[in-house]
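What follows is a set of notes on a single structure, which appears directly below.
Numbering (my numbering), first residue to last: 17 to 88.
Rendered as structure tokens:
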């Protein structure tokens with residue numbers, strides 16, 4: 017996980033929203049999941065602008081977090 021991904025995970029946990037993976041999965045959980053770019057915008061909002069990335073990067077971070085969850 018990159019330094020920014022770790023920061024996003026920490027900020028989300030401190031805000032009581034679970035970690036990065038949990039938050040992103042909750043954001044995309046619906047009949048028609050939100051596009052990754054939209055979820056990345058929400059990440060910027062919930063972190064008060066501390067984490068500003070595109071959808072492709074967020075998707076990579078979530079994929080890395082998911083892989084890490086499987087190995088632990």
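The beta-carbon is built from N, C-alpha and C at its ideal position, and this holds for glycine as well. Note that the coordinates shown come from a computational prediction; the quantities given were computed from them, not determined experimentally.
Residue i - containing alpha helix (DSSP H), residue span
i: residue 80; result: 71–87
i: residue 22; result: 19–30
i: residue 44; result: 36–44
i: residue 58; result: 52–62
Inter-residue Cα distance where the pair is residue i and residue j
i: residue 85; j: residue 75; result: 15 Å
i: residue 31; j: residue 69; result: 19 Å
i: residue 65; j: residue 71; result: 15 Å
i: residue 26; j: residue 46; result: 25 Å
i: residue 20; j: residue 67; result: 7 Å
Residue i Cβ short of 6 Å to the ligand FMN heavy atom set
i: residue 19; result: Among the ligands in the structure shown, none appear at all, so the ligand FMN cannot be discussed.
Of the listed residues the options, nearest to residue i (C-alpha basis)
i: residue 77; options: 52, 87 and 62; result: 52
i: residue 61; options: 18, 43 and 88; result: 43
i: residue 57; options: 26, 29, 22 and 73; result: 73
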